[in-house]
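In our numbering, the protein residues as written are 81 to 429. Cβ coordinates follow ideal geometry from the N, Cα and C atoms, glycine included. Have a look at the structure below before the remarks.
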């Protein structure tokens, strides 16, 4: 009996030993299977990720020829570069003249791929060693530009092509405008002493990748255009100077508007010109019921002035005379503005 008990105990121990060993082998195999599946999954994920970042973007022949360059066009550009060609290409531009001017930067990759550490873009304009960037424009004029969303007017979904009007075509952005237009014109003001009749001055435009963690900027595209100063450079109705068509001619009214503008605003160094935009005054009424009463007469005018910072500005404002008794005040007042923009200093020369 005792022998049978011992034998049973031995058999149980042996069975348990075999069971433990089998379980260990099974768990080992299972672990290997899991590791193999995980490795395969990681490999597949890497392949899928690699496939996802493969750049299948195709450029037009013109785009491909000009990768890394900034080109200039004497016309308004479309958003995509697919229709770009040598048509409209310019190598010089008359400052303040009647013609529009656009820039286009051509890249062969998304800017994140060109500059892996970059998280932003900027554009730098340089004339005779003096540079000005869109970022500087924001920093110098925070009240005006901090809420303007984009430094670039148009670009494709992958940032393979970027561009902007520097001087908008007539009918486009005549009252609205882009950051790049303002950056370009403020730089012109910073080098105004160079803009003399007969002068030809190269301007370099660079598209930059920049990082909030690294101070160094990477140039991703670059180009140069010659800026010429001619007799056309002070064409007030041109898209750079942005004046409307002359209406009424009244030297006394122009003088009075200059004086009223200087009196009303503290940041005005000099009023250079006033362009009256209507041929006669129009009357304004209040909203009283049942009749409306005349409260003023006035018109719109462009006022070209130099601020205390030396920047030449064009502001479109309503000028008016208040109703007094049976007539109107003989003192002109300056009303609300429609728009104000920096313009080329050649507009006042």
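State whether the segment 316–336 contacts the segment 357–371, with contact taken as three or more CB pairs (one from each stretch) at a distance under 8 angstroms. yes
Best match in 268, 290, 267 and 410 for proximity to residue 194 [C-alpha to C-alpha]: 290
Taking residue 287 and residue 217 to be in contact with their CB atoms under 8 angstroms, please state how far apart those CB atoms are, rounded to whole angstroms. 15 angstroms between Cβ atoms; not a contact.
Can you find the residues in the same chain that come closer than 6 angstroms, C-beta to C-beta, to residue 162, ignoring five residues on each side of it along the sequence? 140
Candidates 199, 306 and 200: which alpha carbon is nearest residue 152's? 306
Per-residue burial, residue 128 [other beta carbons within 10 Å of its own, 16 or more giving buried]: With a pLDDT of 48 at residue 128, under the threshold of 50, the modelled position of that residue is not reliable, and the figure given next carries that caveat. Exposed, since its Cβ has fewer than 16 Cβ neighbours within 10 Å.
Taking DSSP's pairing of strands, which residues face residue 246 in a bridge? Paired residues: none, contrary to the question.
From residue 346 to residue 340, what does the alpha carbon distance come to, in whole angstroms? 12 angstroms
Can you name, in chain order, every residue of its own chain whose Cβ lies under 7 angstroms from the Cβ of residue 174, other than the five neighbours on each side? 308, 310, 312 and 313
Segment contact flag, the segment 363–379 with the segment 389–397, C-beta cutoff 8 angstroms, min 3 pairs: no
Would you mind stating whether residue 258 and residue 277 have Cβ atoms separated by less than 8 angstroms? no
Are residue 383 and residue 320 close, meaning C-beta to C-beta below 8 angstroms? no
Between the alpha carbons of residue 264 and residue 212, how many angstroms are there, rounded? 8 angstroms
Please report how far the alpha carbon of residue 180 lies from the alpha carbon of residue 172, in whole angstroms. 12 angstroms
The alpha helix (DSSP H) spanning residue 194 covers which residue range? 191–194
Going by Cα to Cα distance, which pick from 178, 184 and 281 is closest to residue 160? 184
Beta-bridge partners of residue 213, as assigned by DSSP: 204
Inspect the beta-carbon positions of residue 210 and residue 270 and report whether they are closer than 8 angstroms. yes
Since residue 141 is in the alpha helix (DSSP H), which residue starts that stretch and which ends it? 141–145
If we define contact as Cβ-Cβ less than 8 angstroms, is residue 320 a contact residue for chain C? Annotation note: the requested chain C is absent from the structure, which comprises a single protein chain.
Determine whether the beta carbon atoms of residue 198 and residue 316 lie at a separation below 8 angstroms. no
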